[in-house]
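Let me begin by presenting the structure, written as structure tokens, before commenting on it.
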Amino acid sequence: MELSKLNPSQRQAVENTEGPVMILAGAGSGKTRTLVSRIQYLIEEKNISPFQILAVTFSNKAAREMRERVAHTTGHDMNALQITTFHSFCSRVLRMEAEYIGLSKSFTIYDDSESKTVAKHILGKRGVNPKEIPPSALLYYIDNLKNNGYYQNHPKRDEDEEIIADKTEQMYLFYQDYENELAKSNAIDFGGLITGTIQLFEKHPQVLERYRRRYKYILVDEYQDTNRAQFILINHLAKETRNLCVVGDEDQSIYSWRGADIRNILDFEKIYHEAKIFKLEQNYRSSKNIIEAASHVISLNQQRKGKEMWTDNDAGDSIDIVECPDDRDESQFLVDEIKKLTKAGAVADEIAVFYRSNAQSRVLEDALRKEKIHYRIVGGIKFYERKEIKDLLAYLRVVVNPKDSLALSRIINTPPRGVGTTSMTKIENEAISLQCSLFEVMEKIIDSPQEFTHLKLSAKVRSSLGALISLLQEAQVESSQNASPHYLYEKLLHGSGYADFLRAEKTHESVARIENLSELANAILQYEDENKEANLIGFLETITLDTQKDENAPDQPQVSLMTVHSSKGLEYPYVFVVGVEESMFPSFQSMEGGDMAIEEERRLFYVAMTRAMKKLYITFSQARMLWGTMRFNGPSRFINEIPENYYNWKSLTKKSQQFTKSSNSFDDFSQETSQYDDVPSTYQKQAAQAAHKFQSGIRVRHSLYGTGTVMESEGFGNDEKVVIKFNDGARKKFMVKFAPLEKI
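What follows is the structure in structure tokens.
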């Protein structure tokens, strides 16, 4: 086997095959090449059968690519290589051994929607109002148990009390009901594939022994992303042979929100005392300026093993840190710079734009479409194609055109109102029979219920339809009286119960959807600002025409837009990281979560920086419209952590309004906000007129966040600022003149 193409560290990691090994593979350090070479070395130099090697990773795509590379280099049949995902491996084991845990080999694997159906059934059977405990909240609780390796009636482990310490007797009872329901259906969910295999191994040691004898060498890719259950599973398999090789980078551990446990990589030597540690520290991807700057930022984390990344690549261009007046100017800078890059010879496919949350894509997408720059959303959906956006646009379309039956059919049971498929079919058939629109037949049903008794609609369905029709009729009247599009949007968002429905779910997905809906409100406000005679028809027409222009040929070079989480594992010559402000990146939630949460945000920023090969741009805005409120957050602390010799600071603002490197706090910038005379007029329309009206201690209501208490208040008139603690525990800062607040 030829090893000359490996550097000394990579070669050591390949050749040390016996006993536990941890390969700390920094960004762009040739991790996959090293892992593939190690598998090849075991087969060709150590004469290990591919059937005795188990390599696990997280995605089918990664497993397939690794199998292809190993098959190409070794000449073995791809099917003989045991390179798979955690879930695929566990599924195969359980198919063979199902009877040991009370399943038949033909068990069904429930997907997320099927799991949600079971959760709904459990809660309904117990008489629980879904507004009190949404099915998604129960599934979130169950996922947390399973991510930590918990299953019913299992041997007690030290961490069990911590895992279920916050469980209520009620939620744990629902969990047991859920598991019993799956068992009755001869079914298992995704989390149960892992915990089911753990249960199999712990309850039936003779089965575990068979698998230990079979898999003499175990490799785990992306080890920093493993959860506790996956750690327990791998530890069971490798405990006797000790031939376990894990490959990962604690500096790229960014998925705690979906169960990843950084302790697995930090505490590896506590479990495997004799472990050998190899560090892949040479970066082959990025310029020296980018790598050294990123290394300095990540070195400030305490939760790390410690690596010193370096590269033989050229120093390259300095990082550009760009200060923009507001988010619109930021997006304009982005499109201008992209045009410069492509004019200079760059291809659109070589350019990527990263943001902290999906909601940030809207203003960027609008700017790119306006300049006819083709783009793709990587790992996500374009803004106006997202479900929640389409839902609310459908509400608005029915207000404009009540005969739009397609839009109305989308929203009749969105959010859920108890209008099921059977009821919908009856109403649709009646509309066909009467040769009228869906809206018209619903009006008739509400106005003259005695004429439609043959439909046999329940009182609940009639009540739900009545409330929806009444809301839409009110909005139609107000629209005809020239109510603003933003007012109508807020009325429908809250009057329909859609906002409350998402807030009640309390999942990461629902939070992202709320953020997207807030950004839709910003889009409407921007439209109003740019059009003196703004109306709802005009806004919907603008959206339709703009998005229709964006139909790209599949082979057209495109700029890539994505969240930083989606960028992991990718690389681009030119990278823009936008919205790098306090409360944006790091996120507000992480700022409330303490040092560990901030360290994960710093790891996320490190991931963003190290995707760039040639040129890195980091942008922030002095002012940004968020949740219908003008926010002045200041540049992120992570910008301050980049040594000055690695960047050029460019300001698109007036000199008196520029930040210095040290003035990045809310209080520092508040001194400048009253001088800010370039704020778009829409924001000024939002301003509150009364001075010093929100004092500490009073109760208030925010149109999106709900009710809360003013914790801090300072300033007067246009400069008044408040900190509010909301009922869910979140603390948020607002400039009063822009905030949609009311006293209770």
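Residue 37 is where the sequence shown starts when you use the working numbering, and the numbers rise one by one after that.
Idealized CB from N, CA, C, for every residue including glycine.
What residue does the alpha helix (DSSP H) around residue i start on, and which one ends it?
i, result
"S151", "D148 to K161"
"E778", "Run containing E778: none in the alpha helix (DSSP H); it sits in the beta strand (DSSP E), L777 to K779."
"G232", "F226 to K239"
"R498", "A495 to S516"
"T457", "T457 to L470"
"P361", "Premise fails: P361 lies in the beta strand (DSSP E), I355 to D362, not in any alpha helix (DSSP H)."
"E750", "Run containing E750: none in the alpha helix (DSSP H); it sits in the beta strand (DSSP E), G742 to E750."
"S30", "Any answer about residue 30 is impossible in this case: the structure gives the chain only from 37 up to 780."
"A540", "Y534 to E541"
"H738", "Where H738 is concerned, there is no enclosing alpha helix (DSSP H), although the beta strand (DSSP E) it sits in stretches over R735 to H738."
"F125", "F122 to E133"
"V434", "K423 to V436"
"R781", "Nothing can be reported for residue 781, as the shown portion of the chain is limited to 37 through 780."
"I787", "This structure does not reach residue 787, given that the chain is present from 37 up to 780, and the question cannot be answered."
"I448", "Segment: none, I448 is in no alpha helix (DSSP H) and carries neither H nor E."
"R549", "H544 to E566"
Output needed for residue i: all residues of its chain with C-beta closer than 6 Å, excluding positions within five of it in sequence on either side, in chain order.
i, result
"L553", "E424"
"D297", "N263 and R264"
"T347", "N319, K324 and I327"
"D713", "Residue placement at D713 is poorly supported in this model, since its pLDDT is 33, which falls under 50; the coordinates still yield a value, given next. Taken in chain order, the list of residues that qualify is empty."
"Q396", "G615"
"E541", "P170 and S172"
"Y187", "T231 and Q235"
"V613", "F390, A644 and I654"
For the putative contact between residue i and residue j, defined by C-beta atoms under 8 Å, what is the C-beta separation to the nearest angstrom?
i, j, result
"V435", "L572", "6 Å"
"K252", "N271", "About 16 Å; that fails the 8 Å criterion."
"C360", "L662", "That belief does not hold up - the Cβ atoms of C360 and L662 are roughly 15 Å apart, past 8 Å."
"H410", "P593", "7 Å"
"L529", "A511", "Contact flag wrong, Cβ pair sits at about 11 Å."
"M345", "S331", "5 Å"
Using a Cβ-Cβ cutoff of less than 8 Å, which residues in the same chain neighbour residue i once the five nearest sequence positions on both sides are dropped?
i, result
"S354", "N325, Y682, Y683 and N684"
"E635", "N337, Q338 and Q339"
"R128", "T120"
Going straight from the alpha carbon of residue i to that of residue j, what length do you get?
i, j, result
"I224", "N263", "19 Å"
"M784", "E81", "Lying outside 37 to 780, the shown extent of the chain, residue 784 is not represented and no answer is given."
"F122", "E628", "33 Å"
"Q88", "F226", "26 Å"
"F36", "S323", "In the structure as shown, the chain begins at 37 and stops at 780. Residue 36 is therefore absent and cannot be evaluated."
"L181", "K152", "16 Å"
"S473", "V497", "19 Å"
"S40", "S596", "35 Å"
"R47", "N669", "47 Å"
"E135", "Q235", "12 Å"
"V282", "G55", "11 Å"
"V455", "L504", "11 Å"
"V547", "E168", "17 Å"
"G416", "Y610", "20 Å"
"S335", "F621", "18 Å"
"T93", "L400", "34 Å"
"S95", "H601", "15 Å"
"L576", "D402", "14 Å"
"A382", "E466", "58 Å"
"I357", "T580", "35 Å"
"I678", "R638", "12 Å"
May I ask which residues mark the beginning and end of the beta strand (DSSP E) holding residue i?
i, result
"R412", "Y411 to I413"
"P609", "Y608 to V613"
"F390", "I387 to Y391"
"I89", "I89 to T93"
"A16", "The requested residue 16 is not part of the displayed model; the chain covers only 37 to 780."
"M37", "Per DSSP, M37 belongs to no beta strand (DSSP E) and is neither H nor E."
"I481", "Here I481 belongs to no beta strand (DSSP E); instead the alpha helix (DSSP H) covers L474 to D483."
Using C-beta distances below 7 Å, list every residue in its chain close to residue i, excluding the 5 sequence neighbours before and after it, in chain order.
i, result
"N300", "Y259, T262 and F267"
"L269", "I230, T233 and I234"
"A116", "P86 and F87"
"L377", "I387 and Y610"
"I780", "R735, V736, R737 and T743"
"N43", "Q318"
"N588", "The predicted model places N588 with a pLDDT of 49, which falls under 50 and marks its position as unreliable; any figure quoted below should be read in that light. Same-chain partners within the cutoff: H410 and Q594."
Beta-carbon of residue i versus every beta-carbon of chain D: anything under 8 Å?
i, result
"S732", "In the displayed structure, chain D is absent; only one protein chain is listed."
> Residue ranges of each beta strand (DSSP E) run of no fewer than 3 residues wholly in the stretch 265-326, ordered along the chain?
Replying inline: Contiguous beta strand (DSSP E) elements confined to the stretch 265-326 occur at 280-284 and 312-316, taking only those with 3 or more residues.
Restricting to runs no shorter than 3 residues, where is the beta strand (DSSP E) found entirely within the stretch 659-689? List check, beta strand (DSSP E) in window: 665-667 and 683-687.
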